[in-house]
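Numbering (my numbering), first residue to last: -17 to 196. Note that CB positions come from ideal geometry on N, CA and C, so glycine has one too.
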């Protein structure tokens, strides 16, 4: 317990110092593909290394090859995606390491997700039908779900939109009532802008029709 607590404290100090001095680091790395293979052994070590050597390797090997997304000089994609409270929350979540894929697997995880996504929905002014509604322990109606990253969230939103479009087509077009999902999907068109994230295009490239609005 003591070595973990001691080294953990040093790690917190390292992270805090990194974030406080991040503006002094080059935002985008000046390295070539394969640079790291010249800096670390080709085979895994047979014995563990000291914390001092490991953290030294982070500075020597890893940091020179990183894009520092949290830098105030970073103006691409979506910078500033963390905060000190979020770091502490990640530490606690990683330490507990509960799997919350169903309510039964970890009730607190599911219920906290429901409450927090409702907070967010209300904060951005979503209509009530987009929020979770509980009735006798069951979640009915709308509701948000936490995703692991922006690409996954975009993909899930596209799947939901596709399902909604298929259902609407069956309700509004009698001839489509008995059609397969694949047949209906072949007639769907997804529209987006030039500025859309590259990953957003991928799910609809094939076999769906995809159109960029200029």
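Problem - residue 92 vs residue 85 beta-carbon contact at 8 Å - result: Yes, they are a contact pair.
Practice task
Leaving aside the five residues before and after residue 118 along the sequence, list all residues of the same chain whose C-beta is less than 8 Å from its C-beta, in chain order.
Solution key: Reliability fails at residue 118, whose pLDDT of 48 lies under 50, so the model's placement of it is uncertain and no value is given.
Practice task
Give, in chain order, every unbroken run of the beta strand (DSSP E) that is at least 3 residues long and sits entirely within the stretch 69 to 149.
Solution key: 114 to 117, 120 to 123, all fully within the stretch 69 to 149.
Exercise for the section: Report yes or no: do three or more beta-carbon pairs, one from the stretch 0 to 14 and one from the stretch 48 to 66, lie closer than 8 Å? Expected result: The stretch 0 to 14 is in contact with the stretch 48 to 66.
Handout entry: Segment limits, beta strand (DSSP E) that includes residue 171
Key = Judged by DSSP secondary structure, residue 171 falls within the beta strand (DSSP E) whose first and last residues are 171 to 175.
Problem - Rounded separation between residue 96 and residue 125 - CA only - result: Computed Cα separation, rounded: 7 Å.
Practice task
Please state if the CB of residue 114 and the CB of residue 99 are separated by a distance shorter than 8 Å.
Solution key: Between residue 99 and residue 114, the gap from beta carbon to beta carbon is short of 8 Å.
Exercise for the section: Taking the CB atoms as reference points, tell me whether residue 144 and residue 167 lie closer together than 8 Å. Expected result: For the 8 Å CB-CB criterion, residue 144 and residue 167 form a contact.
Practice task
Using beta-carbon positions only, say whether residue 43 and residue 21 come within less than 8 Å of one another.
Solution key: It is a contact, given that the beta carbons lie within the stated cut-off.
Handout entry: Limits of the unbroken alpha helix (DSSP H) element including residue 33
Key = Note, residue 33: alpha helix (DSSP H), 33 to 39.
Practice task
Taking 8 Å as the cut-off, decide whether the C-beta atoms of residue 5 and residue 55 are in contact.
Solution key: Yes; because the gap between Cβ atoms is below 8 Å, this pair is in contact.
Handout entry: C-alpha distance - residue -1 paired with residue 89, whole-angstrom precision
Key = If you draw a straight line from the Cα of residue -1 to the Cα of residue 89, it comes to about 36 Å.
Problem - residue 19 to residue 25 span [Cα, whole Å] - result: Straight-line Cα distance between these residues: approximately 11 Å.
Practice task
Take residue 140 as the anchor and find which of 72, 108, 3, 170 has the nearest alpha-carbon.
Solution key: Taking the Cα of residue 140 as reference, the smallest distance to any Cα among 72, 108, 3, 170 is reached at 170.
Practice task
Leaving out five residues on either side along the sequence, give the residues of the same chain with a beta carbon under 8 Å from the beta carbon of residue 123.
Solution key: Its chain contains 111, 113, 114, 115 as the residues whose beta carbon lies nearer than 8 Å to that of residue 123, once the 5 sequence neighbours on both sides are disregarded; these appear in chain order.
Problem - Secondary structure of residue 155, DSSP reduced to three states - result: Three-state result, residue 155: coil.
Exercise for the section: Ignore the nearest five residues each way along the sequence and tell me which others in residue 17's own chain have a CB closer than 7 Å to its CB. Expected result: 47.
Handout entry: Spatially closest choice to residue 83 from 73, 94, 74, 77, by CA coordinates
Key = When only C-alpha atoms are compared, the closest one is 94.
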